[in-house]
Structures are given as C-alpha cells and as structure tokens.
C-alpha cells in the first residue's frame, strides 16, 4: 500500500482525484499533461512490438508447479531470434525439459507456455511485420476460442488498467480510469531514483477501506517512466479475483532497456495461479531474459 504523506497534495484532473508527491509540486511539473500522457501510454506495448523487428537472444525459464509449489514440468532454453530480409526466424540453441511440458505431438501441454511462446518465440518464418503502434489496435472481433483468450491476455498484459470485453464478471472492473474506479483506488505521481536517474513513478493501489471489495481486481500497479521521454522503464503489477467459474492471482514484473534508440524488454518475471471452468488449474512461474539485440 502506498502511504499518503502529510506533504502530499491532492488535485483534481478532469474531475478525477490524484495525489502528487512534494517533489512534483515543488518543481512545478506540468502534472496535468503528465497524467494525461500516462493514461494514454502506448510505449509499453511499443517495446514488445519492437521485438518483431530485431534479433535477440533469450534465456527462457518456465516452471509449472503442483499445489505444494513443487515443479511438475519445466523448460529451460536458450533461443536466438534472427531478423533478415524483413522476416524473422528462431534457432533453439539449448533446451532441457522435464515432466509433461510437451504432449505426444510435441505441442505445449499447458496454456501458460503457449502464451509465453506467443510473446518470445518464432515458429517457422514470419514476414511483413513492423513496430508501428498507431492504428494497430487489439480487437476481439472475429476471434473465437483460444485465439480470443490469447487476445484478451494480450490486452490485459499490454494495457493493464483498460476495460477488456468478453470476460464475464470482470471486464469492466479492469478499467482503472473511469469514474467508478476512482472511488476504489488511490492514484499517486512521484519522482524517484531509477538505476541512478530520476524517473516519474505512477502508482495505483486500492483504497484502504476498499481492499476487500469484490470490485477490486488490481492489487497494485506501479510504473516508472523516463522523465524526459515518458517511455516506460519498468512496470510491476498484481491482479487477483475470485468468481464462481474462475479465479486467478497473477503478478508480473517487466524491466526495459534501450537498444539503437528503441525501448525493448530486458527481463520479464511472472508468477500466476489461475483456474478457468473446463480448464485444469495452472500454477506457473517464468522468467524471460533478453539480450544481444541486433538490427537487421
């Protein structure tokens, strides 16, 4: 929980209340413009789209857990994405698996690694991609079954805090910027040190008297922004919810780096426990470590 200190200042922006730290107020930052840009941020999504136009090496550590926290299936691999002539391919340099990570057809036995692969792996040869965000909106139109679930997960991952259609009981509760959400959450803008440089820190946490509300889905979301460019430097968030047909408890940490003027993910850590009707419960942890980026 982010504590509100005596020197903090509460302000209204578009009739919604935010808390500014003393350093933001003292240095006369243009907080109205800052908060608007933060709410409309696309740099987090852009960083992952940048991976489609670069080569990189990745250490992949995925573990599926049993109810006692033991490992029942796992994968550790080193992969290399190659980008040439407008296309990307991938080489598996090392791989070790345990348990039933793959099924008999060598497909993923679990949904979590399948979703991981959609972020960081390349199957076959993929061409014609770019890193443009504008006009490239995520949509559930015409998507069904697993494709729809993947798209919903992408929307949750790249736009945490935005409404996601098609998820029973919960979709509208993910919208952190509407009027009803401001009655449930505290919003705070601060300036803190991030790896030796000042950065804006924007945090969203449930109000103390609302923590146990059945409308709370986001337990915490903290984002560090570059103070000059407002690009996302790092983001951590935790989501949890229980309903009759499913429940989940998921946390994510993403740290970015710069390469050739592009912001790209450097490390991603995930811990999740979720259960959906007609699917087996999955408990998993994974870490993706990306390095040795190269331009085409």
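Numbering (the working numbering), first residue to last: 1368 to 1663. Note that beta-carbon positions come from the ideal geometry of N, C-alpha and C, so glycine has one too. Since the model is a prediction, treat every value here as computed from it, not as a measurement.
Residue j beta carbon less than 9 Å from that of residue i
{"i": "residue 1620", "j": "residue 1596", "result": "no"}
{"i": "residue 1650", "j": "residue 1457", "result": "no"}
{"i": "residue 1593", "j": "residue 1605", "result": "no"}
{"i": "residue 1450", "j": "residue 1609", "result": "no"}
{"i": "residue 1483", "j": "residue 1655", "result": "yes"}
{"i": "residue 1657", "j": "residue 1634", "result": "yes"}
{"i": "residue 1396", "j": "residue 1652", "result": "no"}
{"i": "residue 1400", "j": "residue 1389", "result": "no"}
{"i": "residue 1416", "j": "residue 1498", "result": "yes"}
Length of the line joining the Cα atoms of residue i and residue j
{"i": "residue 1444", "j": "residue 1556", "result": "39 Å"}
{"i": "residue 1379", "j": "residue 1410", "result": "25 Å"}
{"i": "residue 1500", "j": "residue 1455", "result": "19 Å"}
{"i": "residue 1493", "j": "residue 1418", "result": "13 Å"}
{"i": "residue 1554", "j": "residue 1408", "result": "16 Å"}
{"i": "residue 1368", "j": "residue 1452", "result": "Per-residue confidence for residue 1368 stands at a pLDDT of 44, beneath the threshold of 50, marking its modelled position as unreliable; no derived number is given."}
{"i": "residue 1514", "j": "residue 1561", "result": "37 Å"}
{"i": "residue 1442", "j": "residue 1385", "result": "43 Å"}
{"i": "residue 1549", "j": "residue 1571", "result": "10 Å"}
{"i": "residue 1509", "j": "residue 1403", "result": "32 Å"}
{"i": "residue 1437", "j": "residue 1632", "result": "28 Å"}
{"i": "residue 1665", "j": "residue 1495", "result": "Examination of residue 1665 is not possible in this model, given that the chain is present from 1368 through 1663 alone."}
{"i": "residue 1642", "j": "residue 1374", "result": "43 Å"}
{"i": "residue 1387", "j": "residue 1511", "result": "43 Å"}
{"i": "residue 1472", "j": "residue 1448", "result": "24 Å"}
{"i": "residue 1393", "j": "residue 1563", "result": "21 Å"}
{"i": "residue 1529", "j": "residue 1406", "result": "9 Å"}
{"i": "residue 1636", "j": "residue 1381", "result": "35 Å"}
{"i": "residue 1638", "j": "residue 1463", "result": "21 Å"}
{"i": "residue 1481", "j": "residue 1547", "result": "35 Å"}
{"i": "residue 1459", "j": "residue 1435", "result": "31 Å"}
Selection from the options that minimises the alpha carbon distance to residue i
{"i": "residue 1427", "options": "1605, 1493, 1583, 1446", "result": "1446"}
{"i": "residue 1568", "options": "1561, 1546, 1639, 1591", "result": "1591"}
{"i": "residue 1588", "options": "1544, 1652, 1416", "result": "1544"}
{"i": "residue 1648", "options": "1628, 1633, 1614", "result": "1614"}
{"i": "residue 1623", "options": "1660, 1638, 1653, 1374", "result": "1660"}
{"i": "residue 1423", "options": "1439, 1405, 1627", "result": "1627"}
{"i": "residue 1440", "options": "1479, 1525, 1388, 1459", "result": "1479"}
{"i": "residue 1474", "options": "1490, 1460, 1461", "result": "1490"}
{"i": "residue 1646", "options": "1564, 1459, 1421, 1476", "result": "1476"}
{"i": "residue 1421", "options": "1393, 1394, 1463, 1625", "result": "1625"}
Neighbourhood of residue i by C-beta, 6 Å cutoff - its chain only, sequence neighbours within 5 removed
{"i": "residue 1616", "result": "1607, 1640"}
{"i": "residue 1598", "result": "1410, 1630"}
{"i": "residue 1383", "result": "1549"}
{"i": "residue 1618", "result": "1605, 1638"}
Same chain only: Cβ atoms within 7 Å of residue i, ignoring 5 sequence neighbours per side
{"i": "residue 1370", "result": "Confidence is the limiting factor: at residue 1370 the pLDDT is only 48, short of 50, which leaves the residue's position unreliable, though a coordinate-based value still follows. Answer for residue 1370: no residue qualifies."}
{"i": "residue 1551", "result": "1573, 1574, 1577, 1580, 1582, 1583"}
{"i": "residue 1531", "result": "1519, 1522, 1523, 1538, 1541"}
{"i": "residue 1487", "result": "1425, 1427, 1655"}
{"i": "residue 1391", "result": "1398, 1556, 1557, 1558"}
Same chain only: Cβ atoms within 8 Å of residue i, ignoring 5 sequence neighbours per side
{"i": "residue 1566", "result": "1558, 1559, 1560, 1591, 1592, 1593, 1594, 1600"}
For the region 1457-1476 against the region 1431-1441, are there 3 or more C-beta pairs whose distance is under 8 Å? yes
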